[in-house]
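Remarks on the structure that follows.
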Amino acid sequence: MPTPEFVVALRRKIGHDPLWLPGVGGVVFNDDGHVLLGQRADNGRWTIITGMVDPGEEPAVALRREVEEETGVVVEVEALLDTGVVGPITFPNGDVCTFLTLDFRCRWVSGTARVNDDESLDVRWFPPDGLPALNPRHLALVHAARSFDGVTRFVS
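Here it is as structure tokens:
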């Protein structure tokens with residue numbers, strides 16, 4: 001999976017030391033109420049669509065960019081669904097990262113879901129009652145997005 005250039009530059013300075021990074025995730029629904037998921041190329045797991053926020057980039061803009069880059073789908077970001085901390089994660093190369101993640105509820109606008117880069121093995125729409133195995137956090141996000149009442153979730 002491609003590492004953003006700003007992270008590569010930081011890693012040249014700090015090596016594998018822990019790095020705090022902003023991330024975004026999207027629970028994307030189409031007009032039929034199906035959820036867009038991607039099967040990650042690095043571990044084969046199904047997930048909501050996620051990515052990193054570039055320096056100076058607005059989080060909702062970053063999510064729209066990530067969804068289109070990874071899946072070919074254009075979305076409207078509707079609401080901030082959840083905030084959370086994910087990690088620390090140690091990657092196979094030894095890099096350690098913790099992500100401050102902002103997760104959004106999104107609506108399909110246009111585009112056909114497809115593998116659009118090298119980060120995914122597969123991209124598909126799933127009915128809410130026919131989801132593949134998801135990690136507990138992503139499954140909770142899908143359920144929260146389906147019944148979203150306008151109140152952002154966060155740990156306090």
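Quick note on numbering: the working numbering labels position 102 of the sequence shown as 102, and the sequence is numbered without any gaps.
The C-beta atom is built at its ideal place from N, Cα and C for all residues, glycine as well.
What you are looking at is a predicted structure, and each value in this text was computed from that prediction instead of being measured.
Measuring alpha carbon to alpha carbon, tell me which residue in D118, T71, C97, G150 is nearest S110.
Ranking D118, T71, C97, G150 by Cα distance to S110 puts T71 first.
Under 6 Å Cβ to Cβ from L19, same chain only, skipping five residues before and after it: list those, please.
Closer than 6 Å at Cβ, skipping near neighbours: C97.
Consult DSSP for E66 and reduce its assignment to one of helix, strand or coil.
In this structure, E66 counts as helix in the three-state DSSP scheme.
Nearest by alpha-carbon distance to P53: which of V142, R146, D103, N135 is it?
The question names Pro, but residue 53 in the sequence shown is Val. The alpha carbon of V53 has as its nearest neighbour, out of V142, R146, D103, N135, the alpha carbon of D103.
Kindly list the residues whose CB is nearer than 7 Å to the CB of D117, restricted to its own chain and excluding five residues on each side of it in sequence; keep chain order.
Excluding sequence neighbours, D117 sits near E69, E70.
Shortest alpha-carbon distance to I12 belongs to which of G150, R107, D95, R146?
Per the sequence presented here, residue 12 reads as Arg, with Ile not at that position. In terms of CA proximity to R12, D95 leads the group G150, R107, D95, R146.
Find the nearest neighbour of A79 within the set R45, A144, A113, E119, judged by alpha-carbon distance.
Of R45, A144, A113, E119, the residue nearest in Cα terms is A144.
Quick one: Cα of H138 to Cα of I14, how far?
H138 and I14 have their C-alpha atoms some 30 Å from each other.
Leaving out the 5 sequence neighbours to the left and right, which residues in its chain are closer than 7 Å to G87 when beta-carbon positions are compared?
For G87, same chain residues with a beta-carbon under 7 Å away, outside a window of 5 residues either side, are C97, T98, F99 in chain order.
If we count the other Cβ atoms within 10 Å of its Cβ and call it buried at 16 or more, is V24 buried or exposed?
Looking at its Cβ environment, which holds 16 or more other Cβ atoms inside 10 Å, V24 is buried.
Over the uninterrupted beta strand (DSSP E) stretch that includes A21, give me the two end residues.
The question names Ala, but residue 21 is Leu in the sequence shown. Run containing L21: 19-29, per the beta strand (DSSP E) assignment.
Restricting to runs no shorter than 4 residues, where is the alpha helix (DSSP H) found entirely within the stretch 58-137?
If we require 4 residues or more, the alpha helix (DSSP H) runs fully inside the stretch 58-137 come out as 59-71.
How many Å lie between L61 and L21 at the Cα?
According to the sequence as given, residue 61 is Val; it is not Leu. C-alpha separation (whole angstroms): 16 Å.
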